[in-house]
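Reading through the structure tokens given below for one structure.
Numbering (my numbering), first residue to last: 15 to 258.
What follows is the structure, given as structure tokens:
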């Protein structure tokens, strides 16, 4: 009897029925939602939007290369820069509710936006004959500080010994991204042109100062600390290597 059942199970009809049952199970089983990438899971949509807005001004700096201008900056170019900074700042403040972290307040958003914008604007307006200095500060803020936050949230398990709220991953990412971007923007904006060595010295000074300032324990907003530190460092390096 057992042999008869075994033969019956191997019959074409039994095989066809088995395939139909498997197909039915596949159709009726709910489809699994596609897994979200690790960086999306850890960051969340709000933080992704924050990073996008944080880095956007840095990319706009490259657009300045396409607009013919000379040092010192003309009144027209200054007005364009000021208008762009105001427009981006207003857009950020209007979208604050979509970018805010749980611990943030409207005052925090205002301080962060003001610190970011004023650091760049003051450098450009105080030293209009050296627009590369302002662009270097912008690169450090946009790409260095922005990358530090991303790396810290994604890989920030090992904390800095002098600040347990900051990580080695964020500190290293700040330098790995901020240093070359600061060098590139300094080199591209310098008029007359400078060597890559000169650009690297000034970009490195700004990035290191910004990374250290960002890593220190302080109640002062990161953008303010990083902006001031990188501004002072790049101006000092430029004065020594090139002259003001």
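A virtual CB, placed ideally from N, CA and C, is assigned to each residue, including glycine. From a predicted model like this one, the values you see are computed outputs, not experimental measurements.
Residue range 177-181 is occupied by the beta strand (DSSP E) that includes residue 180.
Of the residues assessed, residue 201 falls on the buried side of the cut-off, its CB having 16 or more other CB atoms within 10 angstroms. Contact annotation: the stretch 211-228 does not touch the stretch 136-145, with fewer than three C-beta pairs closer than 8 Å. Rounded to whole angstroms, the separation of the alpha carbons of residue 208 and residue 62 is 36 Å. Annotated three-state conformation of residue 84 is coil, per DSSP. Look at residue 141 here: in three-state DSSP terms it is coil, with no helix or strand label.
Secondary structure at residue 164: helix, using DSSP grouped into helix, strand and coil.
Taking the C-beta atoms as reference points, residue 252 is found nearer than 8 Å to residue 144. Around the C-beta of residue 239, 16 or more other C-beta atoms lie within 10 Å, and the residue is accordingly described as buried.
If you draw a 10 Å sphere on the C-beta of residue 258, you find fewer than 16 other C-beta atoms in it, and that means exposed.
A distance below 8 Å separates the beta carbons of residue 249 and residue 147. Comparing alpha carbon positions, the residue from 150, 106, 132 closest to residue 72 is 150.
Between residue 217 and residue 65, the C-beta spacing is not below 8 Å.
Residue 173 is bridged by DSSP to 181. Our two residues, residue 179 and residue 171, have alpha carbons roughly 10 Å apart in a direct line.
Taking a 10 Å sphere around the C-beta of residue 163, we find 16 or more other C-beta atoms and assign the residue as buried. Excluding residues up to 5 positions away in sequence, 127, 131 lie with their Cβ nearer than 7 Å to the Cβ of residue 103 in the same chain. Under the 10 Å beta carbon count, residue 133 is surrounded by 16 or more other beta carbons and is classified as buried. Counted as a single uninterrupted DSSP element, the alpha helix (DSSP H) harbouring residue 101 occupies residues 89-108. Judged by beta-carbon spacing, residue 98 lies beyond the 8 Å limit of residue 70, meaning their Cβ atoms are not closer than that value.
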